[in-house]
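Just so you know, the sequences run in chain order Y and D. Once you know that position 211 of the first sequence is 211 in full-length UniProt numbering, the rest is easy, because the numbers rise by one and skip nothing. Once you know that position 118 of the second sequence is 118 in full-length UniProt numbering, the rest is easy, because the numbers rise by one and skip nothing.
2 protein chains.
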Amino acid sequence: MKLTYQGKTKDVYQREDGNYVLKFKDDVTGVDGVFDPGANTVGLSIEGAGKAGLKLTTYFFEQLNKQGIPTHFIDSHIDEQTMTVKPASVFGKGLEVICRYRAVGSFLRRYGLYAEENQPLDAFVEVTLKDDGREDPPITKDALAMLDILTKEEYETLKSLTQQIAGVIKAELAKKDIELYDIKFEFGRDQTTGDILLIDEISGGNMRAFKDGEYIEPLTLEKLFFQ
Amino acid sequence: MKLTYQGKTKDVYQREDGNYVLKFKDDVTGVDGVFDPGANTVGLSIEGAGKAGLKLTTYFFEQLNKQGIPTHFIDSHIDEQTMTVKPASVFGKGLEVICRYRAVGSFLRRYGLYAEENQPLDAFVEVTLKDDGREDPPITKDALAMLDILTKEEYETLKSLTQQIAGVIKAELAKKDIELYDIKFEFGRDQTTGDILLIDEISGGNMRAFKDGEYIEPLTLEKLFFQ
């Protein structure tokens with residue numbers, strides 16, 4: 001296997017059969033030693049962080065694949081902290097697709113004139129560009145099409161997949177009395193078929209989840225979910 | 001006539017017949033005595049500013065009305081610096097609708113990873129909320145509908161009216177060898193018929209216009225346009 005990319009929280013290796021292996025590290029993003037899933041720098045290393053992320057990711061991707069929702073997931077080895085995935089190309093230089101069930105975070109910072117904190121939102125989908133230097137700006141369907149990042153048809157597919165996937169995760173969490181407030185996904189194109197696939201991971205760092213009105217820290221989510 | 005509102009650059013009076021009179025003032029927005037059409041405070045007073053804005057507004061609204069495009073404009077008296085308009089209600093707490101022909105300003109600040117400065121844009125429309133405290137955040141069609149600000153059908157009407165109106169202004173300016181880079185509009189609902197109307201004004205402060213590659217200051221636009 002050839003190391004092709006060293007990320008903040010994962011290393012990426014290419015296998016000889018063309019698939020990729022993601023190695024989940026114990027490094028987590030944060031600032032000055034404090035964990036912050038939204039940060040763009042590695043803040044600290046937490047023993048077990050990689051395994052916890054991979055366990056949740058594996059569980060959710062397996063559920064999605066079972067339901068016929070296309071993802072890049074092939075299999076994983078929790079002890080080795082590795083996941084094998086299909087090759088996929090991101091849209092443009094990478095998008096984040098967010099599905100919101102409650103008004104919190106950047107939604108509230110932007111639309112606080114019209115929304116109250118925690119107000120229920122009906123699986124509202126929005127897209128942001130991955131662009132650290134410009135603070136991941138939100139972008140519309142029309143702008144994505146005009147800038148040749150996504151066609152309008154692909155946007156609709158992405159939106160509908162996002163609502164479907166978020167619905168699966170929300171229902172899984174609800175079984176453990178955990179409420180999903182919002183979640184972000186990344187998608188790519190299958191390099192063989194051209195189909196749109198869910199890529200990256202689904203773990204505590206991708207979502208805001210609450211139990212009994214209390215925010216669940218990303219690393220606590222895995223413990224609560226599998227207990 | 002009853003004074004009903006004192007704005008930064010216009011005062012609003014209600015007439016007995018239900019229509020409104022806008023009195024264009026010589027106060028212009030800016031910061032520390034420097035003119036800035038995008039600022040949210042009155043910066044200084046410039047003799048002739050009110051009249052210049054009203055002359056352009058009158059000219060453009062008359063062109064639009066002639067072409068059957070619905071606006072709030074009834075008539076104006078340049079010497080008195082007044083314009084009579086139909087009553088209209090804004091959407092939510094006010095929207096700005098922008099039509100872009102070149103990548104400059106906030107478009108470039110957001111999407112500079114995918115667009116080059118001055119790159120042609122195909123009458124690209126975007127909507128922002130009027131919310132000084134949150135820096136007029138951009139908002140999508142889906143969010144506008146979810147927050148009950150606009151229906152999806154109204155959004156499409158607004159977008160198509162915006163492109164039509166911007167096209168008229170662009171063609172008018174082109175007759176004087178002036179190139180329109182972008183322009184912002186405000187719309188409202190006719191209080192009698194419920195129709196969507198163009199409201200507010202159309203003058204130098206609403207647009208970025210260039211001649212021979214040079215940016216035209218808002219107050220210079222009126223002189224260049226009518227010379």
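Beta carbons: idealized from backbone N, C-alpha and C, even for Gly.
In the DSSP assignment, find the beta strand (DSSP E) that holds D/Y20 and state where it starts and stops. Position 20 of the second sequence, counting from 1, holds the residue named residue 20 of chain D. Where D/Y20 is concerned, the enclosing beta strand (DSSP E) stretches over Y20 to F24.
Cutoff 6 angstroms; reference Y/G92; Cβ partners in own chain excluding five residues on either side: Here residue 92 of chain Y refers to the residue found at position 92 of the first sequence. Excluding sequence neighbours, Y/G92 sits near I149.
Contact check, Y/N118 vs Y/I74 under 8 angstroms by CB: the rounded distance? Looking up residue 118 of chain Y in the first sequence gives position 118. Looking up residue 74 of chain Y in the first sequence gives position 74. About 38 angstroms; that fails the 8 angstroms criterion.
Can you check whether the C-beta of D/R110 is within less than 7 angstroms of a C-beta belonging to chain B? Given the protein chain composition of this structure (Y and D), no chain B is represented.
For the beta strand (DSSP E) that D/S76 lies in, which residues bound it at each end? For the purposes of this step, residue 76 of chain D is taken as residue 76 along the second sequence, with counting starting at 1. Taken as a continuous stretch (DSSP letters only), the beta strand (DSSP E) holding D/S76 covers F73 to H77.
Please classify Y/N206 as buried or exposed, where buried requires at least 16 neighbouring CB atoms within 10 angstroms. In the first sequence, the residue the question calls residue 206 of chain Y occupies position 206. Classification for Y/N206: buried.
Have a look at the DSSP bridge pairing and note the partners of Y/F187. Here residue 187 of chain Y corresponds to residue number 187 of the first sequence, with the count starting at 1. DSSP output for Y/F187 lists Y/L198 as bridge partner(s).
Same chain, Cβ closer than 7 angstroms to D/L54, five either side skipped, listed in chain order: Taking the second sequence and counting its residues from 1, one reaches residue 54 of chain D at position 54. If we look at D/L54 and ignore the five residues flanking it on each side, its Cβ neighbours are F24, S76, I78, Q81 and M83.
Per DSSP, the bridge partner or partners of D/G30: Working through the second sequence from its first residue, we reach residue 30 of chain D at position 30. D/F35, per the DSSP bridge assignment.
What are the partner residues of Y/Y101, as DSSP defines its beta bridges? By 1-based counting over the first sequence, the position of residue 101 of chain Y is 101. Note: Y/Y101 sits in no beta bridge, so no partner.
Between the Cα of D/R134 and the Cα atoms of D/Y5, D/N40, D/F35 and D/F107, which residue gives the shortest distance? The residue labelled residue 134 of chain D in the question sits at position 134 within the second sequence. Checking every option, the nearest Cα to that of D/R134 belongs to D/N40.
Within chain Y, partners of D/T128 - CB distance below 9 angstroms: Position 128 of the second sequence, counting from 1, holds the residue named residue 128 of chain D. By Cβ distance, chain Y contributes nothing, its closest Cβ being about 10 angstroms from D/T128, past 9 angstroms.
By the DSSP assignment, the beta strand (DSSP E) with Y/P120 in it spans what residues? Counted from its first residue, the first sequence places residue 120 of chain Y at position 120. Y/P120 -> beta strand (DSSP E) spans P120 to L129.
Under 8 angstroms, with one C-beta from each stretch per pair, do the segment 192-201 of chain Y and the segment 210-217 of chain Y reach the 3-pair mark? no
Does the beta carbon of residue 251 of chain Y sit closer than 7 angstroms to a beta carbon anywhere in chain D? Residue coverage of chain Y in this structure runs from 1 to 227, which leaves residue 251 of chain Y outside it and unanswerable.
Might you give, ordered along the chain, the residues of its own chain that have their beta carbon closer than 8 angstroms to the beta carbon of Y/I69, omitting 5 neighbours on each side? Numbered from its first residue, the first sequence carries residue 69 of chain Y at position 69. Within the same chain, Y/I69 has close Cβ partners L161, Q164, I165, V168 and L198.
From the DSSP output, in three-state form, read off Y/F210 for me. As a first step, residue 210 of chain Y is located in the first sequence; it is residue number 210 there, counting from the start. If DSSP states are grouped into helix, strand and coil, Y/F210 belongs with the strands.
Rounded C-beta distance between Y/K130 and Y/G105? I'm assuming under 8 angstroms. Residue mapping note: residue 130 of chain Y aligns to position 130 of the first sequence, counting from 1. Residue mapping note: residue 105 of chain Y aligns to position 105 of the first sequence, counting from 1. Not a contact, Cβ separation roughly 17 angstroms.
Tell me, please, which residues DSSP counts as bridged to D/M83. Numbered from its first residue, the second sequence carries residue 83 of chain D at position 83. The partner list for D/M83 (beta bridge, DSSP) reads D/L22 and D/S76.
Going along the chain, which residues of its own chain have a beta-carbon closer than 7 angstroms to the beta-carbon of D/K224, five neighbours each way excluded? One-based indexing of the second sequence puts residue 224 of chain D at position 224. Lys is not the amino acid found at residue 224 of chain D; the sequence shown has Leu there. Closer than 7 angstroms at Cβ, skipping near neighbours: K176, I178, K211 and I216.
Beta carbon proximity, D/D131 to chain Y, threshold 7 angstroms: Counting from one through the second sequence, the residue named residue 131 of chain D turns up at place 131. So yes, D/D131 belongs to the interface.
Should Y/G7 be labelled buried (16 or more other beta-carbon atoms within 10 Å of its own) or exposed? Within the first sequence, numbered from 1, the residue matching residue 7 of chain Y stands at position 7. Under this definition Y/G7 is an exposed residue.
When you compare the CB positions of residue 232 of chain Y and Y/L158, do they come within less than 7 angstroms of one another, or not? Coverage of chain Y is limited to positions 1 through 227, which leaves residue 232 of chain Y absent and any answer about it impossible.
Under the three-state DSSP convention, the category D/Y43 falls into: Counting from one through the second sequence, the residue named residue 43 of chain D turns up at place 43. According to the sequence displayed, residue 43 of chain D carries Gly and not Tyr. In the structure shown, D/G43 sits in a strand (DSSP, three-state: E or B).
Indicate the three-state DSSP secondary structure (helix, strand or coil) for D/S89 in the structure shown. Looking up residue 89 of chain D in the second sequence gives position 89. Of the three classes helix, strand and coil, the one that applies to D/S89 here is strand, per DSSP.
Looking at the secondary structure, which residues open and close the beta strand (DSSP E) in which Y/T4 lies? The residue labelled residue 4 of chain Y in the question sits at position 4 within the first sequence. Counting along the chain, the beta strand (DSSP E) containing Y/T4 begins and ends at K2 to Q6.
Mapping the DSSP letters down to three states, classify Y/I165 as helix, strand or coil. One-based indexing of the first sequence puts residue 165 of chain Y at position 165. DSSP places Y/I165 in helix when its eight states are reduced to three.
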